[in-house]
Amino acid sequence: MILVTGGAGFIGANFVLNWLAVNDEPVINLDKLTYAGNLDNLSSLEGDKRHLFVRGDIGDRALVDQLLAQHKPRAVINFAAESHVDRSIHGPEDFIQTNIVGTFHLLESVRGYWSGLSDADKPAFRLLHVSTDEVYGSLEADDPPFAETRRYEPNSPYSASKAASDHLVRAYHHTYGLPVLTTNCSNNYGPYHFPEKLIPLMILNALNGKPLPIYGDGQNVRDWLYVTDHCSAIRRVLEAGQLGETYNVGGWNEKTNIDVVNTILSILDELQPRTDGKSYREQITYVKDRPGHDRRYAIDARKLERELGWKPAETFETGIRKTVQWYLDHPQWIANVTSGAYRDWVAKQYN
Numbered sequence: 021m022i023l024v025t026g027g028a029g030f031i032g033a034n035f036v037l038n039w040l041a042v043n044d045e046p047v048i049n050l051d052k053l054t055y056a057g058n059l060d061n062l063s064s065l066e067g068d069k070r071h072l073f074v075r076g077d078i079g080d081r082a083l084v085d086q087l088l089a090q091h092k093p094r095a096v097i098n099f100a101a102e103s104h105v106d107r108s109i110h111g112p113e114d115f116i117q118t119n120i121v122g123t124f125h126l127l128e129s130v131r132g133y134w135s136g137l138s139d140a141d142k143p144a145f146r147l148l149h150v151s152t153d154e155v156y157g158s159l160e161a162d163d164p165p166f167a168e169t170r171r172y173e174p175n176s177p178y179s180a181s182k183a184a185s186d187h188l189v190r191a192y193h194h195t196y197g198l199p200v201l202t203t204n205c206s207n208n209y210g211p212y213h214f215p216e217k218l219i220p221l222m223i224l225n226a227l228n229g230k231p232l233p234i235y236g237d238g239q240n241v242r243d244w245l246y247v248t249d250h251c252s253a254i255r256r257v258l259e260a261g262q263l264g265e266t267y268n269v270g271g272w273n274e275k276t277n278i279d280v281v282n283t284i285l286s287i288l289d290e291l292q293p294r295t296d297g298k299s300y301r302e303q304i305t306y307v308k309d310r311p312g313h314d315r316r317y318a319i320d321a322r323k324l325e326r327e328l329g330w331k332p333a334e335t336f337e338t339g340i341r342k343t344v345q346w347y348l349d350h351p352q353w354i355a356n357v358t359s360g361a362y363r364d365w366v367a368k369q370y371n
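Below, the structure is given as structure tokens:
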């Protein structure tokens, strides 16, 4: 059995679904169900005895201690995080509380649990901490991609809070011997992505005839990673990663924001054209850049390929087409998210 934290969010939910699709090892899924935690993402697991959902906070020591003692997982995979840069600029406190304080409490709970394991079970236990490439800062156009040896230079409250959590995880390995692994991923995209992020926002705004806001000149560069590729990388690191090590996970897909948007709109023009016959590109509008907007991210994922044999299965072209088609095929999920209806059940069930 494994314990997954943040397993109702975008990447966490995809990981849980992917995990149970490829093996039968049960999952305890702990999620606080903030605005981005959506049980609709897990609706296909309703009635599946391999999946136990628990609403709760990684900072709730009593709850986490209870789950660890009761279910005795062989691994903990930590996805739980506040993750949106714009929200961190306007309200950084939630990011400090979840990403730093929450990670500290989780580490303390896991350390206590691991210390009490038998000599037979202790060597097999792992804590895998999922982080971001944003901790490395920003790259110039001709800089090499981020390697695991690059120093941390976070530039937003979000990335600073994730950098702090990474340092805590590393310190618990060095000081206490806690068997940890860390992954730093590039920008994910795919199904179940909350529509405040670039790709789902562009798809939904286009379909609803709304403006498509592009920050600055649209030339900011990101490396795009299809979410199921990320899931397979995490499984591989959990299986064979060297304790205490960091593994960068990227898609080898550097794209400017405007190129990403134009690719999405070309697919929509093909699959679901506007009723007036015009291109969705006419809805593009440029807006004032956000403060401290990093210019370029790029991941060097060669260590993961060299040491563990992993590389992404999807190109950006194949992954983005699957993503657009998924949103076209799931209007009810979109309606629930955009209306806030997905929160109604949570309020009724838990409040």
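Quick note on the working numbering: the sequence shown kicks off at 21 and runs consecutively. Just so you know, even glycine gets a beta-carbon here, dropped at the ideal spot from N, CA and C.
- Query: Count the other CB atoms within 10 Å of the CB of Gln303; is the residue buried (16 or more) or exposed (fewer)?
  - Reply: buried
- Going along the chain, which residues of its own chain have a beta-carbon closer than 8 Å to the beta-carbon of Asn204, five neighbours each way excluded? Ser151, Thr152, Asp153, Val155, Tyr156, Phe166, Glu168, Asp186, Thr266, Tyr267, Asn268, Val269 and Ile319
- Query: Residue ranges of each alpha helix (DSSP H) run of no fewer than 4 residues wholly in the segment 70 to 131, ordered along the chain?
  - Reply: 81 to 91 and 105 to 110
- Check whether Leu328 and Arg242 have beta carbons under 8 Å apart: no
- Message: Bridge partners for Lys275 per DSSP, in chain order?
- Response: Arg242
- Message: Assuming Val307 and Tyr235 are in contact, meaning their beta carbons sit under 8 Å apart, how far apart are those beta carbons, in whole angstroms?
- Response: 6 Å
- Item | Rounded C-alpha distance that separates Ile284 from Tyr192 | 42 Å
- Terminal residues of the alpha helix (DSSP H) in which Arg19 lies: Absent from the structure is residue 19, since the part of the chain shown begins at 21 and ends at 371.
- What residues in its chain sit with their C-beta under 8 Å from that of Val42, if we drop five residues either side in the sequence? Arg255
- Query: What does a CB cutoff of less than 8 Å around Leu126 pick up in its chain, not counting 5 residues either side in sequence?
  - Reply: Thr25, Ile78, Gly79, Val84, Val96, Asn98 and Ala100
- Does the Cβ of Phe35 have 16 or more other Cβ atoms within 10 Å, making it buried, or fewer, making it exposed? buried
- Message: Quick check: what's the CA-CA separation for Pro311 versus His104?
- Response: 14 Å
- Message: Please report whether the beta-carbon of Phe214 lies at a distance below 8 Å from any beta-carbon of chain D.
- Response: This model lacks chain D altogether; it includes just one protein chain.
- What residues are listed by DSSP as bridge partners for Leu51? It is worth fixing the name first, because residue 51 is Asp in this sequence and not Leu. Partner(s): Arg75.
- Message: Less than 8 Å between the C-beta atoms of Val357 and Asn58, yes or no?
- Response: yes
- Query: Roughly how many whole angstroms lie between the Cα atoms of Gly160 and Asn240?
  - Reply: According to the sequence shown, residue 160 is Glu rather than Gly. Each residue's alpha carbon lies about 10 Å from the other.
- Message: Need the endpoints of the beta strand (DSSP E) that Pro233 sits in, please.
- Response: Leu232 to Tyr235
- Task: Mind checking which residues open and close the beta strand (DSSP E) that includes Ser64?
- Result: No beta strand (DSSP E) contains Ser64, which DSSP labels as neither H nor E.
- Exposure of Tyr370, with buried meaning 16 or more beta-carbon neighbours within 10 Å: Residue placement at Tyr370 is poorly supported in this model, since its pLDDT is 47, which falls under 50; the coordinates are not used for a value here.
- Query: What does a CB cutoff of less than 6 Å around Ala20 pick up in its chain, not counting 5 residues either side in sequence?
  - Reply: This structure cannot settle anything about residue 20, because the visible part of the chain is limited to 21 through 371.
- In angstroms, rounded to a whole number, what distance separates the CA positions of Ser299 and Gln117? 44 Å
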